[in-house]
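What follows is one structure encoded as structure tokens, with my remarks underneath.
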RNA sequence: GCCGCCAUAACUCAGUUGGUAGAGUGGCUGGCUGUUAACCAGCAUGUCACAGGUUCGAGUCCUGUUGGCGGCGCCA
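Residue numbers (this note's numbering): 95 to 524.
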């Protein structure tokens with residue numbers, strides 16, 4: 095019923111075509127007998143000109159009185175005009191105010207993050223946040239498309255769980271009838287159980303971390319893209335991951351080039367991103383750091399500065415494999431030499447870790463031993479350890495942060511702008 | 001959890017050695033028939049975050065509190 099602004103701007107309607115648009119006022123200025131209104135819908139922005147003589151006096155008056163973000167239905171004729179931003183405009187023949195918007199609190203560019211976050215329910219209409227949400231939509235649907243095309247089943251693991259996957263200090267606790275329960279921070283253990291029926295599975299779910307993080311890459315609630323594959327070793331999984339990441343980046347850049355550009359990103363880079371991605375081991379990464387003058391002791395995990403420094407040597411995402419066993423989780427497969435078969439994918443330019451994964455340990459005794467070493471009671475992992483008792487197979491899995499991927503693609507300073515309502519240490523409202 | 005910074009109009013900020021609270025933006029009123037952050041004229045708007053203290057007098061100095069932001073750690 096409504097024409098879409100994007101279609102009008104693209105020339106789908108010849109000059110003189112009568113169209114009806116529904117949208118919101120981005121700005122409006124009046125020169126007495128002519129009113130210029132910039133109208134927004136979900137597809138774009140277009141200038142509407144309302145002139146005395148073309149419309150009845152009431153409609154001209156209504157156009158003159160439009161304020162920021164009021165909603166209107168406009169009838170008019172398409173016209174090509176070089177004076178209009180975008181090259182085409184609507185010459186109004188009728189205008190109806192649907193929802194008034196007195197004193198809209200967001201205007202211009204000069205607002206502090208605090209104000210915008212308090213007004214998030216309104217700010218999510220902004221051109222920038224809308225662009226990010228479109229990129230995220232492209233990313234999530236490309237993920238599903240890739241998985242479906244490669245023999246994966248989408249599964250729906252639980253969000254409420256009785257205990258954690260790696261340590262208990264970072265879990266949100268909740269009341270579960272008469273007992274304590276926790277919000278999931280990873281679907282991994284459940285995904286591992288699902289490979290025995292489906293072999294290749296993935297899930298896209300919220301994950302929750304109660305860590306009191308104050309950084310530009312952490313959220314307390316984020317969307318976790320996780321996969322688990324039977325009969326798959328670490329290096330086969332890495333082959334797969336670079337395919338997945340390339341496909342998703344290509345698709346997002348193809349569908350959302352204008353949005354990425356608006357946000358200051360480079361769609362051409364993501365359109366042309368292709369495997370293979372560079373791969374180095376932890377040992378090699380340590381040598382890079384030492385050559386760059388970092389005082390870094392073998393055996394420590396990389397911090398933000400180390401990660402950034404290493405990634406500066408590459409212009410593609412970088413896989414770093416085989417970290418020291420001591421700094422990594424109990425379920426990662428022992429590679430011998432005090433290392434595990436794990437992988438981190440680090441985005442270039444300091445965007446940091448986007449994927450963490452590993453081949454999983456299948457040796458029941460080793461698992462129990464590692465759990466005890468980390469101060470955990472193996473009895474609490476009863477059902478998980480059962481998976482090693484009944485028809486265990488080699489398998490690998492990974493977790494990818496949807497918001498981290500979107501942040502990298504959109505070149506955003508802060509991860510909070512990759513999610514409509516960011517939950518952080520100091521904010522869960524609106 | 002550790003370290004740092006900030007708080008004055010709806011928004012962004014200025015406010016001198018402590019002496020009557022200011023500007024721009026946005027809003028409202030009027031003018032203008034092609035604006036591109038339109039322009040011109042006028043109008044309205046304050047618990048100076050909160051609580052104490054010093055002082056004849058505190059937006060300004062001191063103490064505490066609260067809220068928020070940034071960096072590190074933790075990770076995706």
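We put the CB at the ideal spot given by N, CA and C, even for glycine.
Asked: Buried/exposed call for residue 325, threshold 16 Cβ in 10 Å; Found: exposed
Asked: N-terminal and C-terminal residue of the alpha helix (DSSP H) that residue 415 is part of; Found: Looking at the DSSP string, residue 415 is not in any alpha helix (DSSP H); the run it does join, the beta strand (DSSP E), is 412-415.
Asked: Unbroken alpha helix (DSSP H) run spanning residue 476, endpoints; Found: 476-483
Asked: Cα-Cα separation between residue 390 and residue 505, rounded to whole angstroms; Found: 29 Å
Asked: Beta-bridge partners of residue 436, as assigned by DSSP; Found: 452
Asked: DSSP-derived helix/strand/coil call for residue 467; Found: helix
Asked: The ligand MN heavy atom lying under 7 Å from the CB of residue 99; Found: The ligand MN is absent from the structure shown, which contains no ligands of any kind.
Asked: Length of the line joining the Cα atoms of residue 132 and residue 118; Found: 8 Å
Asked: Complete beta strand (DSSP E) runs within the segment 121-204 (minimum length 3 residues, chain order); Found: 128-135, 138-145, 165-174, 182-193
Asked: Cross-strand partners of residue 389 (DSSP beta bridge); Found: DSSP lists no partner for residue 389.
Asked: Helix, strand or coil at residue 218 [DSSP, three-state]; Found: coil
Asked: Residue closest to residue 281, alpha-carbon to alpha-carbon, out of 297, 136, 245; Found: 297
Asked: The alpha helix (DSSP H) enclosing residue 102, as first and last residue numbers; Found: 99-103
Asked: Extent of the continuous beta strand (DSSP E) run through residue 319; Found: 315-324
Asked: First and last residue of the uninterrupted beta strand (DSSP E) at residue 206; Found: Where residue 206 is concerned, there is no enclosing beta strand (DSSP E), given that its DSSP letter is neither H nor E.
Asked: Rounded straight-line distance, which links the Cα of residue 503 to that of residue 364; Found: 7 Å
Asked: Rounded C-alpha distance that separates residue 485 from residue 349; Found: 43 Å
Asked: Close-in-space but distant-in-sequence residues of the same chain around residue 383 (CB under 7 Å, 5 per side omitted); Found: 390, 400, 403, 404
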